[in-house]
Amino acid sequence: MIATILILFCCTLFPLQPVKYLSADPSGDFFNSAIPDNEETRKLLEQTLSSAEIEREIIKITAEQKALEQKVESLNRQATQKKTAIADQQERAGAVVRSYYMGDRDNLLVAFFSAKSISRFLALFDYYEIIIGNDRDILSQYEEQYKDLKDTIQTAKRNSEELARLRTALEEQQVRVNALNKEIEGGIKNSSDPENMSTLLKEFTLYWENIGLHEVKTYFKALSSAMNKLPQFVQNREGVLTRKGMTYELNLKEEDLNEFLQSQNSLFKDFAFHFNDGSITATGKSGALALSLTGHYTIQEEPINGLIFQVDHIVFNGLELPDTTRKTLEEEFDLGFYPGKIVSFLRATAVDSQEGVLHVKLSISF
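Under the working numbering, the sequence shown is numbered contiguously, ending at residue 1145.
Put into structure tokens, the structure is as follows:
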């Protein structure tokens, strides 16, 4: 009997067919029925999701660390080789400098100005040019090699510092996932049916890795593609962009943004953004997939001025994703808005959202 109930529950939570759309209305039947009403089960599912994502982050950091170790090793080898190669050039450059300092080149000038015939004068002039040109080449080559060596050493130093940071991050994530896994193991043991709970969590992990994460990335990719075209929509939408003297104001209503998104991709047919006081939410649901984003815009100056969307929370089927997932999605998909794409001399100076409207102050910068 218990096995039958478990199978039915898993079939409800983990659909066999991938969903096509999210619904902006999070009050549908599935939204309530798919999420376990047992707080202990919900917590275990959320912890399992976090554990799977942190494990993925550990794999990513480990790969980055290995690649960086190889790069640092290669740079150090290059620096050693360049130090050896530059030693001879350094000696030659030193000899040139000493020759001028000690007056060894003065004899050339004396001979040059003591010439008693035009032919002798021209011959000495050619000889003088060859010597001076050779001296210049030696000093120039030494300068280039020294600069190249210095750049290589600096690059190796920066990479070594980044490697140390990655090692620290890896250690922190390993401690974090170990502690989380201990909590999960304890939760399973304390559950009313440890065997079935363990099976449920394994099935949920497989569902997330094979379907859930892919669906979340699909929406982020579609959002990123649409946001890249938002400046053109703003420019052509009457009343969104207004000028006041030497400044501009952008006032984008959530209705306009949702209309724009729906025109860009059918995925957003039942997906809605809401501009709240100081925060932005996006919700959607269909069948067995429910997604909710909460975030805010911040001003970025470098490398290009724009509004960068910071993801504060991602809730998948009622379970909050960990910070590592938010960070990865932010890095992989750009949801920013860049005023310079409207008009090249515009730059954002302030941003806020309230009562269903995104307010952006823009200045002129040449």
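Glycine included, each C-beta is placed from N, C-alpha and C at the ideal position.
Checklist line | Segment limits, beta strand (DSSP E) that includes residue 1013 | finding: By 1-based counting over the sequence shown, the position of residue 1013 is 234. It is not in any beta strand (DSSP E) - residue 1013 instead sits in the alpha helix (DSSP H) that spans 1009-1015.
Check: Helix, strand or coil: which one does DSSP assign to residue 995?
Finding: Reading the sequence shown from its first residue, position 216 is the one you call residue 995. Under the three-state reduction of DSSP, residue 995 is assigned to helix.
Notebook entry, point to check: Which of the three DSSP states, helix, strand or coil, is assigned to residue 1117?
Noted result: Start at 1 with the first residue of the sequence shown, and residue 1117 comes out as number 338. Coil, per DSSP.
Checklist line | Range of the contiguous beta strand (DSSP E) that encloses residue 1140 | finding: As a working note, residue 1140 is residue 361 in the sequence shown. Taken as a continuous stretch (DSSP letters only), the beta strand (DSSP E) holding residue 1140 covers 1136-1143.
Item checked: Identity of the residues DSSP links to residue 1090 by a beta bridge -> Position 311 of the sequence shown, counted from the first residue, corresponds to residue 1090. In the DSSP output, where bridge partners are listed per residue, residue 1090 has 1074.
Notebook entry, point to check: Taking contact to mean at least 3 C-beta pairs separated by less than 8 Å, is the segment 957-967 in contact with the segment 821-838?
Noted result: Between the segment 957-967 and the segment 821-838, the count of C-beta pairs closer than 8 Å reaches three or more; the two stretches touch.
Margin query: Could you pull the DSSP bridge partners for residue 1131 from this structure?
Written below: Residue numbering aside, residue 1131 sits at position 352 when the sequence shown is read from its first letter. Beta bridge pairing from DSSP links residue 1131 with 1138.
Note to self: Report the CB separation of residue 1143 from residue 1119 in whole angstroms; it is logged as a contact under 8 Å.
What the structure shows: Along the sequence shown, one-based indexing puts residue 1143 at 364. Along the sequence shown, one-based indexing puts residue 1119 at 340. Here residue 1143 is actually not in contact with residue 1119; their C-beta atoms are around 11 Å apart, not less than 8 Å.
Check: Got a sec? Which residues, its chain only, sit under 7 Å from residue 778 by beta carbon, not counting five neighbours each side?
Finding: The requested residue 778 is not part of the displayed model; the chain covers only 780 to 1145.
Note to self: I believe residue 828 touches residue 1100 by the beta-carbon criterion, under 8 Å. Please report the beta-carbon distance rounded to the nearest angstrom.
What the structure shows: Against the sequence shown, residue 828 aligns to sequence position 49. Against the sequence shown, residue 1100 aligns to sequence position 321. Their Cβ separation, rounded to whole angstroms, is 7 Å, which keeps residue 828 and residue 1100 in contact under 8 Å.
Next item on the list: Taking only the alpha-carbon atoms, compute the straight-line gap between residue 1016 and residue 1008 and give it to the nearest angstrom.
Entry: Looking up residue 1016 in the sequence shown gives position 237. Looking up residue 1008 in the sequence shown gives position 229. Spanning the two alpha carbons is a distance of roughly 13 Å.
Notebook entry, point to check: Quick one: Cα of residue 1053 to Cα of residue 1045, how far?
Noted result: As a working note, residue 1053 is residue 274 in the sequence shown. As a working note, residue 1045 is residue 266 in the sequence shown. Rounded to whole angstroms, residue 1053 to residue 1045 spans 19 Å at the Cα level.
Next item on the list: Decide if the segment 840-852 is in contact with the segment 981-995; the criterion is three or more beta carbon pairs, one per stretch, under 8 Å apart.
Entry: They do not touch, by the three-pair rule.
Margin query: Given this structure, state the Cα-to-Cα distance separating residue 1132 from residue 1126, to the nearest angstrom.
Written below: Start at 1 with the first residue of the sequence shown, and residue 1132 comes out as number 353. Start at 1 with the first residue of the sequence shown, and residue 1126 comes out as number 347. For residue 1132 and residue 1126, the distance between alpha carbons rounds to 18 Å.
Margin query: I believe residue 1075 touches residue 1093 by the beta-carbon criterion, under 8 Å. Please report the beta-carbon distance rounded to the nearest angstrom.
Written below: On the sequence shown, position 296 is the one that residue 1075 refers to. On the sequence shown, position 314 is the one that residue 1093 refers to. A Cβ-Cβ distance of about 14 Å is found for the pair residue 1075 and residue 1093, leaving them out of contact under the 8 Å criterion.
Item checked: Beta-carbon spacing of residue 1040, residue 1013 below 8 Å -> Counted from its first residue, the sequence shown places residue 1040 at position 261. Counted from its first residue, the sequence shown places residue 1013 at position 234. Contact: no.
Next item on the list: In angstroms with no decimal places, state the Cα-to-Cα distance between residue 984 and residue 831.
Entry: The residue you call residue 984 lines up with position 205 of the sequence shown. The residue you call residue 831 lines up with position 52 of the sequence shown. Taken atom to atom, the span from the alpha-carbon of residue 984 to that of residue 831 is near 7 Å.
Notebook entry, point to check: Residue range of the alpha helix (DSSP H) that residue 1106 falls in?
Noted result: Locating residue 1106 in the sequence shown gives position 327, counting from the first residue. Per DSSP, residue 1106 belongs to the alpha helix (DSSP H) from 1102-1111.
Notebook entry, point to check: Does DSSP put residue 1059 in a helix, a strand or coil?
Noted result: As a working note, residue 1059 is residue 280 in the sequence shown. In the structure shown, residue 1059 sits in a strand (DSSP, three-state: E or B).
Item checked: Whole-angstrom C-beta distance between residue 1088 and residue 1070, which should lie under 8 Å -> Your numbering for residue 1070 matches position 291 in the sequence shown. Your numbering for residue 1088 matches position 309 in the sequence shown. Going by Cβ atoms, the distance from residue 1070 to residue 1088 rounds to 15 Å, so no, they are not a contact pair.
Checklist line | Assigned secondary structure, residue 864 (DSSP; H/G/I helix, E/B strand, else coil) | finding: Here the question's residue 864 lines up with position 85 in the sequence shown. Residue state for residue 864 is assigned as helix, using DSSP reduced to three classes.
Checklist line | Exposure label - residue 1095; buried when at least 16 CB within 10 Å | finding: The residue labelled residue 1095 in the question sits at position 316 within the sequence shown. It counts as buried.
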